[in-house]
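Colleague:
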Amino acid sequence: MFEFGRDLRKLFEKARESEDLGWLELVGADLVQTEARREGIDAGRVSAKSPFDGWMRSSVLWREHARRTGSRISLERAAVAASDAARHTTSLDQTAAAAIESGNIHLLRFDLFGGPAALTAALSDVQVLTCERAATRSAAAALHARLSARKARLSGETNALLDAGALLDAAVHDARSLPPTVADELRLDRAAMSLEAGVIRRDARMLDQAGRDLRALVEAASPDQRPLTRARALALAGTGLAALAALAKNETALAQGRAMFDAAAEQFTPDHSPLDWAAVLLAAANRDTPLLTLAQAEALTR
352 MFEFGRDLRK LFEKARESED LGWLELVGAD LVQTEARREG IDAGRVSAKS PFDGWMRSSV
412 LWREHARRTG SRISLERAAV AASDAARHTT SLDQTAAAAI ESGNIHLLRF DLFGGPAALT
472 AALSDVQVLT CERAATRSAA AALHARLSAR KARLSGETNA LLDAGALLDA AVHDARSLPP
532 TVADELRLDR AAMSLEAGVI RRDARMLDQA GRDLRALVEA ASPDQRPLTR ARALALAGTG
592 LAALAALAKN ETALAQGRAM FDAAAEQFTP DHSPLDWAAV LLAAANRDTP LLTLAQAEAL
652 TR
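Written out as structure tokens, the structure reads:
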């Protein structure tokens with residue numbers, strides 16, 4: 352994955368100056384936690400030059416740790432850091448950015464623990480933001496689209512799904528000013544929604560859309576630079592192939608799906624992202640899966 356020592360410290364220092372968080376995929380969950388704590392300490396110092404930026408970085412890092420581990424404590428620390436960032440804003444755009452970060456925390460809380468009320472509240476907040484920079488407007492649109500997609504998938508209503516799909520399409524089209532990690536999250540969400548709808552409705556057009564998004568993500572995500580994004584795209588592709596294979600009773604497609612899961616598992620180790628590892632194990636599971644494997648996946652989610 353990545354060598355420790357001096358080069359690692361240089362990576363963190365350089366990353367502090369960048370909005371692209373792709374570098375996080377190169378380090379394990381424990382190191383993400385350590386850096387999140389350090390950012391919070393630095394941001395809280397009286398001598399901090401830009402407490403807003405420091406609290407925002409701390410929030411994003413705690414959120415990433417929560418995403419990989421399922422830690423409620425880390426998610427709450429992300430929320431506290433986002434709140435601290437909101438108290439140190441000096442412009443409307445910074446206020447909007449802090450609100451977007453808070454919305455992303457609500458979205459992750461729903462993904463990890465459920466609770467549709469959080470989606471509704473976050474949607475209401477993101478729709479009234481005042482954004483000055485194009486990048487902030489794009490980030491707000493991306494969050495709006497991702498929240499809408501989850502709410503639509505919960506309802507299962509055709510019109511809501513179509514509207515959410517249109518929002519995702521528009522956000523992806525306007526993703527040039529977004530950090531690559533945010534743009535990739537959009538494409539993963541669009542692929543997941545297209546794949547789900549395509550399988551349920553036997554819709555070849557939506558399946559093709561999902562395939563294009565996943566292929567682009569896998570090709571763009573180098574295993575040496577973006578292993579988690581690559582693994583998530585491979586696992587989603589494997590899930591789609593497995594579902595189609597079951598519907599068509601096609602052994603070749605089933606084998607291809609298993610190969611996708613195997614490839615996803617080869618991208619990282621369990622301690623790097625326990626929840627991603629468990630997700631791959633569970634997605635690949637079938638009636639022949641050993642109980643020990645399922646027990647390992649369950650243990651990773653505790």
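For what it's worth, our numbering labels the leading residue of the sequence shown as 352, then goes sequentially. Glycine included, C-beta positions come from ideal geometry on N, C-alpha and C.
Expressed to the nearest angstrom, what Euclidean distance is found between the alpha-carbon atoms of W413 and A429?
Modeller: Answer to the nearest angstrom: the Cα atoms are 5 Å apart.
Colleague: Return the CA-CA distance between R563 and A584, expressed in angstroms with no decimal places.
Modeller: Near 11 Å, if we compare the C-alpha coordinates of A584 and R563.
Colleague: Using a 10 Å radius around the Cβ and a threshold of 16 neighbouring Cβ atoms, would you call D381 buried or exposed?
Modeller: The residue in question, D381, is exposed, as its Cβ has fewer than 16 Cβ neighbours within 10 Å.
Colleague: Give the secondary structure of V431 by DSSP, where H, G and I count as helix, E and B as strand, and everything else as coil.
Modeller: Residue state, collapsed to three classes: helix.
Colleague: To the nearest angstrom, report how far apart L458 and A596 are at their CA atoms.
Modeller: One C-alpha to the other measures close to 31 Å.
Colleague: So what's A572 in DSSP terms, helix, strand or just coil?
Modeller: Of the three classes helix, strand and coil, the one that applies to A572 here is coil, per DSSP.
Colleague: Would you kindly report the start and end of the unbroken alpha helix (DSSP H) that includes R418?
Modeller: 402-420 is the extent of the alpha helix (DSSP H) around R418.
Colleague: With H, G and I counted as helix, E and B as strand and the rest as coil, what does DSSP make of T580?
Modeller: In the structure shown, T580 sits in a helix (DSSP, three-state: H, G or I).
Colleague: My output table needs one value for T471: the three-state DSSP class, helix, strand or coil.
Modeller: The answer is helix: DSSP assigns T471 an H, G or I state.
Colleague: Cutting at 6 Å between CB atoms, please list the residues of its own chain near K502, excluding the five before and the five after it.
Modeller: If we look at K502 and ignore the five residues flanking it on each side, its Cβ neighbours are L470.
Colleague: So, with DSSP's three-state summary, where would you put G608?
Modeller: Three-state result, G608: helix.
Colleague: Given this structure, state the Cα-to-Cα distance separating E427 from D622, to the nearest angstrom.
Modeller: Using only the alpha carbons, I get a separation of about 21 Å.
Colleague: May I ask you to verify whether the stretch 610-627 touches the stretch 566-586, counting CB pairs closer than 8 Å and requiring at least 3?
Modeller: A contact exists between the stretch 610-627 and the stretch 566-586.
Colleague: Determine the closest residue to D535 out of A493, L505, A517, L463, with distance taken between C-alpha atoms.
Modeller: The residue with the shortest Cα to Cα distance from D535 is A493.
Colleague: Pick from L537, S499, A473, D520: whose alpha carbon is nearest that of A511?
Modeller: When each option's Cα is compared against that of A511, the closest is S499.
Colleague: Using the Cα positions of E354 and D575, report the straight-line distance between them to the nearest angstrom.
Modeller: With a pLDDT of only 47 at E354, under 50, the local geometry of the prediction cannot be trusted, and the value read off the model is given with reservation. The alpha-carbon atoms of E354 and D575 are separated by roughly 12 Å.
Colleague: Expressed to the nearest angstrom, what Euclidean distance is found between the alpha-carbon atoms of R577 and L463?
Modeller: When rounded, the distance between both Cα atoms is 22 Å.
Colleague: Within its chain, find whatever has a CB closer than 6 Å to the CB of D477; leave out the 5 residues flanking it on each side and keep chain order.
Modeller: Before going on, a small fix: residue 477 reads as Val here, not Asp. Hits under 6 Å: G454, A491, L494, H495.
Colleague: Cutting at 8 Å between CB atoms, please list the residues of its own chain near G356, excluding the five before and the five after it.
Modeller: With a pLDDT of 47 at G356, under the threshold of 50, the predicted position of this residue should be treated as unreliable, and no value is reported.
Colleague: For the candidate residues E602, T620, Q618, L592, whose alpha-carbon lies nearest to that of G608?
Modeller: Selected option, being the one with the closest Cα: L592.
Colleague: Of the residues K400, A473, G379, which one's Cα is nearest the Cα of F619?
Modeller: Ranking K400, A473, G379 by Cα distance to F619 puts G379 first.
Colleague: For L568 versus S624, is the C-beta spacing smaller than 7 Å?
Modeller: No, the Cβ-Cβ distance between L568 and S624 is not below 7 Å.
Colleague: Please return the same chain residues whose Cβ sits closer than 7 Å to the Cβ of D393, not counting the five positions on each side in sequence.
Modeller: The residues are A399, G405.
Colleague: Rounded to the nearest angstrom, how far is the Cβ of E483 from that of D525, given a contact under 8 Å?
Modeller: So it is not a contact: roughly 16 Å between Cβ atoms.
Colleague: Taking 8 Å as the limit between beta carbons, can you name the residues of its chain near V383, skipping five residues before and five after?
Modeller: Contacts found: L375, L412, E415, H416, R419.
Colleague: Given T603, which residues of its chain have a CB within under 6 Å of its CB, disregarding the five upstream and five downstream residues?
Modeller: Answer for T603: no residue qualifies.
Colleague: To which residues of the same chain is G421 closer than 8 Å at the C-beta, ignoring the five residues directly before and after it?
Modeller: Contacts found: L463, P625, L626, T652.
Colleague: Contact defined as beta carbons within less than 8 Å: I believe S410 pairs with A436. What is the distance between those atoms, to the nearest angstrom?
Modeller: Correct: roughly 6 Å between the Cβ atoms.
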